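Chemist: Dropping a structure here in structure tokens format, bear with me for questions.
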Amino acid sequence: MISLPITDYEHFSFAECRLFLNRSDRECLHTVRDGAVYKLLAPEGSPVLVRIRQEAGKPSLAAEVLYGEVTGEGEDHIRRFVTQWLHLDGDMTPFYTFSAKDKILGPLTRNYKGLRLIGIPDLFETITWTITGQQINLAFAYTLKQRLIQALGYVLEEGGHTYHLYPHPAVIASIQPEDLIAMQFSKSKAAAIIRVAKLMAAGELSEEKIRALSFEEARDTLVAIKGIGPWSANYVLMKFAQHPQALPLEDAGLHNALKAQLNMPAKPTLAEVKHITRHWQQHAAYATFYCWRSLTNG
Numbered sequence: 001m002i003s004l005p006i007t008d009y010e011h012f013s014f015a016e017c018r019l020f021l022n023r024s025d026r027e028c029l030h031t032v033r034d035g036a037v038y039k040l041l042a043p044e045g046s047p048v049l050v051r052i053r054q055e056a057g058k059p060s061l062a063a064e065v066l067y068g069e070v071t072g073e074g075e076d077h078i079r080r081f082v083t084q085w086l087h088l089d090g091d092m093t094p095f096y097t098f099s100a101k102d103k104i105l106g107p108l109t110r111n112y113k114g115l116r117l118i119g120i121p122d123l124f125e126t127i128t129w130t131i132t133g134q135q136i137n138l139a140f141a142y143t144l145k146q147r148l149i150q151a152l153g154y155v156l157e158e159g160g161h162t163y164h165l166y167p168h169p170a171v172i173a174s175i176q177p178e179d180l181i182a183m184q185f186s187k188s189k190a191a192a193i194i195r196v197a198k199l200m201a202a203g204e205l206s207e208e209k210i211r212a213l214s215f216e217e218a219r220d221t222l223v224a225i226k227g228i229g230p231w232s233a234n235y236v237l238m239k240f241a242q243h244p245q246a247l248p249l250e251d252a253g254l255h256n257a258l259k260a261q262l263n264m265p266a267k268p269t270l271a272e273v274k275h276i277t278r279h280w281q282q283h284a285a286y287a288t289f290y291c292w293r294s295l296t297n298g
């Protein structure tokens with residue numbers, strides 16, 4: 001059993017995190033079942049299935065290996081991955097203090113108390129997911145993601161359930177745009193995804209490089225890649241690099257949430273979104289994430 005300590009346990013709810021993780025029936029990279037989260041990982045190159053549950057009476061979660069074997073180094077990898085994925089090491093007090101005085105965020109933090117910013121600890125997955133989701137609705141984005149994973153990722157059948165690993169950059173780098181177009185990716189998205197895969201497979205773009213950069217440097221590095229605009233770059237820096245000031249201003253979901261929370265007759269313009277969110281600053285990523293949560297039933 002791998003213990004996963006939780007910082008600021010008072011502001012943590014595993015139930016809220018599970019609700020967010022379970023928002024799409026097309027999600028195939030994790031499974032929420034019986035109060036637990038199941039996730040297939042490859043901490044040391046081989047598939048390992050873990051079950052993540054709340055530790056009764058303790059300010060921590062526990063990850064149990066159900067399939068595969070890990071060394072101490074593999075356990076450390078799992079601990080780091082889940083901690084980043086569920087932002088277990090986050091101090092939520094500043095955000096909750098800030099939100100208490102905000103007419104938009106106050107009700108959201110009360111309604112979804114304990115929700116952490118669910119990240120994507122894999123840079124390649126984050127970038128390709130945001131490219132996939134450009135200018136289409138979330139349901140179709142999940143469909144495309146599912147097709148990509150089922151066709152090119154790793155599949156494990158265990159205990160009557162199916163689990164998947166996201167395709168490795170080297171795998172995507174070896175295919176042709178037509179392979180993705182056949183899955184209904186647009187030509188531009190297919191080209192962009194393969195372009196990123198080749199950069200990462202060659203080591204020209206890496207998780208270590210992005211993490212070592214400042215927010216502005218990382219944003220500029222990402223935007224310099226054809227197919228990645230400001231919205232995608234901010235999404236990556238929010239979900240992968242955990243930069244608190246990341247704000248995907250152009251995000252349609254954010255616009256819809258602001259419209260609903262402020263009872264606006266129409267979706268706000270980009271100028272209005274900039275005005276509404278101008279004071280979020282170091283709370284922008286969490287504020288955006290809670291706005292997204294408000295769009296999901298439950």
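Mapping of the sequence shown onto UniProt numbering: residues 1 to 298, in sequence order.
Where is the CB? At the ideal position from N, CA and C, for every residue including glycine.
This one's a predicted model, so the numbers in the text were calculated from it and none came from an experiment.
Among the candidates K145, T288, L40 and Y154, whose CA atom is the shortest distance from the CA of N234?
Modeler: It is T288 whose Cα lies nearest to the Cα of N234.
Chemist: Could you pull the start and end residues of the alpha helix (DSSP H) that S46 belongs to?
Modeler: Element bounds for S46: n/a, residue is neither H nor E.
Chemist: My output table needs one value for R110: the three-state DSSP class, helix, strand or coil.
Modeler: Of the three classes helix, strand and coil, the one that applies to R110 here is helix, per DSSP.
Chemist: Do P43 and H77 come within 7 Å of each other at the CB atom, strictly closer than that value?
Modeler: Yes.
Chemist: I'd like to confirm the pairing. Which residues does DSSP put opposite K52 in its beta bridges?
Modeler: Rather than Lys, the amino acid found at residue 52 in this sequence is Ile. Answer is V37 and A63, bridged to I52.
Chemist: Are there 16 or more other CB atoms within 10 angstroms of the CB of Q150, so buried, or fewer, so exposed?
Modeler: By the neighbour-count rule (16 or more Cβ atoms within 10 Å), Q150 is not buried but exposed.
Chemist: Give every residue of the same chain whose Cβ lies closer than 6 Å to the Cβ of I261, excluding the five residues on either side of it in the sequence, and list them in chain order.
Modeler: The residue you asked about is not Ile; residue 261 is Gln in the sequence shown. Here the set comprises I104.
Chemist: Rounded to whole angstroms, what is the Cα-Cα separation between T296 and A173?
Modeler: Their Cα atoms are separated by approximately 34 Å.
Chemist: Within 10 Å of its beta-carbon, does Q54 have 16 or more other beta-carbons around it, so buried, or fewer, so exposed?
Modeler: Classification of Q54: buried, given that the 10 Å Cβ count is 16 or more.
Chemist: With DSSP as the reference, identify every bridge partner of Q5, one or two as the case may be.
Modeler: The sequence given here places Pro at residue 5; Gln does not occur at that position. DSSP lists S60 as partners of P5.
Chemist: Using the Cα positions of E157 and A257, report the straight-line distance between them to the nearest angstrom.
Modeler: Straight-line Cα distance between these residues: approximately 38 Å.
Chemist: Helix or strand or just coil, what does DSSP make of Y164?
Modeler: The question names Tyr, but residue 164 is His in the sequence shown. Of the three classes helix, strand and coil, the one that applies to H164 here is strand, per DSSP.
Chemist: Give me whichever residues DSSP pairs with L29 in a beta bridge.
Modeler: In DSSP, L29 forms no bridge with anything.
Chemist: Rounded to the nearest angstrom, what separates R219 and A182 at their Cα positions?
Modeler: Cα to Cα, the separation comes out at about 31 Å.
Chemist: Using only alpha-carbon positions, find the residue among G203, T132, E250 and A241 that is nearest to P230.
Modeler: The candidate whose alpha carbon is nearest that of P230 is E250.
Chemist: Look at G160 and A192 and say whether their C-beta atoms are less than 7 Å apart.
Modeler: Contact: no.
Chemist: Here's a check: name, in chain order, each residue in its chain whose Cβ is nearer than 8 Å to the Cβ of T93, leaving out the five neighbours to either side.
Modeler: Answer for T93: D8 and H11, listed in chain order.
Chemist: CB-CB under 6 Å to residue 299, same chain, minus the five flanking residues each way: which ones, in chain order?
Modeler: It is not possible to answer for residue 299, since the shown part of the chain is limited to 1 through 298.
Chemist: Taking G253 as the reference, give the member of F185, Q134 and E27 with the closest Cα.
Modeler: G253 has its Cα closest to that of Q134, out of F185, Q134 and E27.
Chemist: The alpha helix (DSSP H) with V82 in it runs from where to where?
Modeler: Looking at the DSSP string, the run of the alpha helix (DSSP H) that includes V82 is G72 to W85.
Chemist: According to DSSP, which residues form a beta bridge with Y154?
Modeler: BP columns for Y154 point to L165.
Chemist: By Cβ distance, which residues of its chain are closer than 8 Å to R195, with the 5 residues on each side in sequence left out?
Modeler: Contacts found: I225, K226 and G227.
Chemist: Between which two residues does the alpha helix (DSSP H) harbouring N234 extend?
Modeler: Looking at the DSSP string, the run of the alpha helix (DSSP H) that includes N234 is P230 to K239.
Chemist: Looking only at C-alpha atoms, which of D102, K145 and I6 sits nearest to H279?
Modeler: The option with the nearest alpha carbon to H279 is D102.
Chemist: Pick helix, strand or coil for A202, following the three-state DSSP scheme.
Modeler: Looking at A202 - three-state DSSP - the assignment turns out to be coil, as it is neither helix nor strand.
Chemist: Would you mind stating whether C291 and H164 have Cβ atoms separated by less than 7 Å?
Modeler: Result no, Cβ atoms of C291 and H164 do not sit closer than 7 Å.
Chemist: Among V223, A100 and I175, whose alpha-carbon lies nearest the alpha-carbon of N111?
Modeler: Per the Cα distances, A100.
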